[in-house]
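To start, the structure itself, in C-alpha cells.
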Amino acid sequence: SDLSVEEKVTAAFDYIRDNIKWNGNYSVLVTREYMKNYSKNHSGNSAEVNLLLISLLKKANINAYPVVLSTRSNGLLNPSSPSISMLNHVIALVKYENTTTLLDATSPYVKPGVLPEQCLNLSAWAIIDTQVGEWINLNPNTSNIQTQFIKIDLNTNKEFVAEVTNEYSGFAYLNWIEKYEGEGKDDGYINYLQLDKKIIGIVDYNTKNIDRENLKAKESILLNMSQANNIQDIGREVFVDPFVLCEIENPFKAPERSYPIDFIYPRQHTVTILMSVPEGYEIGSLPEQLVMSTPDGNGKFTYLIQAINNVVTIRCEISIGRIIFHETDYNMLKNFYSEIVRKTNQPIQINKKT
Numbered sequence: 563s564d565l566s567v568e569e570k571v572t573a574a575f576d577y578i579r580d581n582i583k584w585n586g587n588y589s590v591l592v593t594r595e596y597m598k599n600y601s602k603n604h605s606g607n608s609a610e611v612n613l614l615l616i617s618l619l620k621k622a623n624i625n626a627y628p629v630v631l632s633t634r635s636n637g638l639l640n641p642s643s644p645s646i647s648m649l650n651h652v653i654a655l656v657k658y659e660n661t662t663t664l665l666d667a668t669s670p671y672v673k674p675g676v677l678p679e680q681c682l683n684l685s686a687w688a689i690i691d692t693q694v695g696e697w698i699n700l701n702p703n704t705s706n707i708q709t710q711f712i713k714i715d716l717n718t719n720k721e722f723v724a725e726v727t728n729e730y731s732g733f734a735y736l737n738w739i740e741k742y743e744g745e746g747k748d749d750g751y752i753n754y755l756q757l758d759k760k761i762i763g764i765v766d767y768n769t770k771n772i773d774r775e776n777l778k779a780k781e782s783i784l785l786n787m788s789q790a791n792n793i794q795d796i797g798r799e800v801f802v803d804p805f806v807l808c809e810i811e812n813p814f815k816a817p818e819r820s821y822p823i824d825f826i827y828p829r830q831h832t833v834t835i836l837m838s839v840p841e842g843y844e845i846g847s848l849p850e851q852l853v854m855s856t857p858d859g860n861g862k863f864t865y866l867i868q869a870i871n872n873v874v875t876i877r878c879e880i881s882i883g884r885i886i887f888h889e890t891d892y893n894m895l896k897n898f899y900s901e902i903v904r905k906t907n908q909p910i911q912i913n914k915k916t
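Quick note on the working numbering: the sequence shown kicks off at 563 and runs consecutively.
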C-alpha cells in the first residue's frame, strides 16, 4: 500500500486499541483462556493486547519487538541485576530509519510514542531476537502542561463571579481525560469537582476542543460564589485570596527523604488571573513580584502582578524541567515549593473609598 511506515503503525495501533479492551491485568505471559476471552469479550491482559499489536505490525512488514518492563506500581527494575520476577508488563517497540517508537495499546487515550504513566519507570528490556536484547530508556517524550485563565469579578456584596478556563496538554491532558471519562463525563465530573476538589457554586461547565490526536483539551467553568471563603472584610479594608480556584500545594510534606524524587515527566503550570474591583473600591497594597529558580536551574517560579485602572492581573508560572532529583535535593525542593505556596497565599488588599 502507499501508506508510510508511520501511518501503518498508527493504523495498527488504533485498530488494536479500539477493538481489544485491556482487562486491567498486567502480565508478561499469554493465558490459556486468551482465545476464549478474545472471541467472547475482545479483551486480554497487557501481554495479550500488545503481543497482538506486535504481530499485526509484523504482518505489515514493520520491525516490531516486545519490550518487557516493571510498571511504576510494581517497583523499579535494577539494570545491573535485573530479576525476571520483577517483570509484569509488555509493550511494543518499532524500529525504522534510525527512529524507535514505543507503543502501549492498553490505554484508550495515548498514541504511538506516548506511553501511559505506569510505564514511565526509567528502563526496560527490548527482546530483539531470541539471543539479542537491549536496554531502552522509558523517558517521556511529552510534558505535563496546564494553563489556567481565571477572570474574577467582585461585587460590592463581597460575592464574586468567576470564569475559569483550563487548557490541558500532554500528560495533563491524559490525567484529565481519564478522570473526566472515568467519572462519567459532564454530570459525574461536576460532582467530582464539587465533592473532591471542593469547588463550590458551579453554574455552568463545558468542555471544548478535545483533541485526542494531539493530546489537548480545554474546559470552562462558570462559578457564582456568594459565600466566598477567600474574602476577609476588616472594616474599610477587604483582603481577597485570588488563588482560591487554583490552590497550589507543596507535595513534599515529610521532614526528610531517603530515596530519589521522581517527577515522572517535565511539568509546567501557568496561571493568569484577572480580578476586577467593584465600584466604590480601590486597589490597596499588592504582594511583591518574585522570580526564582532552584540552584540547578531546573525548577523555575515566576509571580508577576500589576494593577491598571481597577483590574489586578497576576501571572504565575511553575516549571520543573528535570524528572529525577537525588534525595539530597529534597530540602531544596521542599523549600522551593514552600516559597511558591507562601507567595500564592498572599492576599490582595482593596479599600473602600471614603
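Virtual Cβ for every residue (Gly too), placed ideally from N, Cα, C.
Thinking C-alpha only, which one of the options is nearest residue i?
i	options	result
N717	E889, N872 and I902	N872
T704	R634, P674 and A573	P674
V802	T769, F814, I826 and G846	G846
L649	L631, N660, M597 and D666	L631
I886	I876, I880 and D824	D824
L664	V806, E568 and K915	E568
K759	I793, P804 and C808	C808
V672	K570, S635 and K778	K778
Q908	I882, H888, E889 and L866	L866
P641	N623, E659, L700 and Y767	L700
L848	L618, P804 and N636	P804
Q851	L565, I910 and D564	I910
W697	T662, D666, P670 and E679	T662
Y577	K598, E679 and S617	S617
S669	S881, N581, S838 and Q830	N581
L619	S643, S635 and Y658	Y658
G797	I882, K914 and M597	K914
T633	C681, S643, K598 and G763	C681
N776	G744, S643, G750 and Y730	Y730
I880	N660, Q830 and V839	Q830
Exposed or buried, what is residue i when buried is set at 16 or more other beta-carbons lying within 10 Å of its beta-carbon?
i	result
S900	exposed
Y821	exposed
A816	exposed
M854	exposed
D891	buried
I870	exposed
G732	buried
N893	exposed
R579	buried
Q918	Outside the displayed range of the chain (563 to 916) lies residue 918, so it cannot be described from this structure.
P828	buried
Q868	exposed
R687	With the sequence shown as reference, residue 687 is identified as Trp, and Arg is not the correct amino acid for it. It is buried - the Cβ of W687 has at least 16 other Cβ atoms within 10 Å.
L615	buried
G861	buried
I646	exposed
N728	buried
N683	buried
N526	Limits of the chain in this structure are 563 at one end and 916 at the other, which puts residue 526 out of reach.
T875	exposed
D795	exposed
E889	exposed
L565	exposed
D748	exposed
V765	exposed
V571	buried
V903	exposed
Is residue i near residue j, with beta carbons less than 9 Å apart?
i	j	result
I912	E844	yes
K905	F814	no
T709	T832	yes
L655	A626	yes
I707	L836	no
E841	N786	no
V652	V629	yes
I714	A724	yes
T916	C878	no
R819	D858	no
I783	I761	yes
Y742	E799	no
T856	F898	yes
I752	Y767	yes
A667	I624	no
S601	L639	no
P678	I826	no
Check: Is the number of C-beta pairs between the segment 600 to 613 and the segment 574 to 592 that are closer than 8 Å three or more?
Finding: yes
Item checked: beta strand (DSSP E) runs wholly inside the segment 593 to 670, at least 3 long, in chain order -> 625 to 631, 651 to 658 and 661 to 665
Next item on the list: Note down, one range per segment and in chain order, each beta strand (DSSP E) of at least 3 residues found wholly within the segment 860 to 897.
Entry: 861 to 870 and 873 to 882
Next item on the list: For the segment 683 to 700 and the segment 766 to 780, state whether three or more C-beta atom pairs, one from each stretch, are separated by less than 8 Å.
Entry: no
Checklist line | Contained beta strand (DSSP E) runs [length at least 3] in the segment 713 to 739, N- to C-terminal order | finding: 722 to 732
Checklist line | Sequence ranges, alpha helix (DSSP H) only - wholly within the segment 735 to 793, length at least 4 | finding: 747 to 757
Item checked: Length-filtered (4 minimum) alpha helix (DSSP H) runs lying within the segment 791 to 826 -> none
Next item on the list: Tell me the start and end of each unbroken beta strand (DSSP E) in the segment 672 to 710 that is at least 3 residues and wholly inside, in chain order.
Entry: 685 to 689 and 695 to 699
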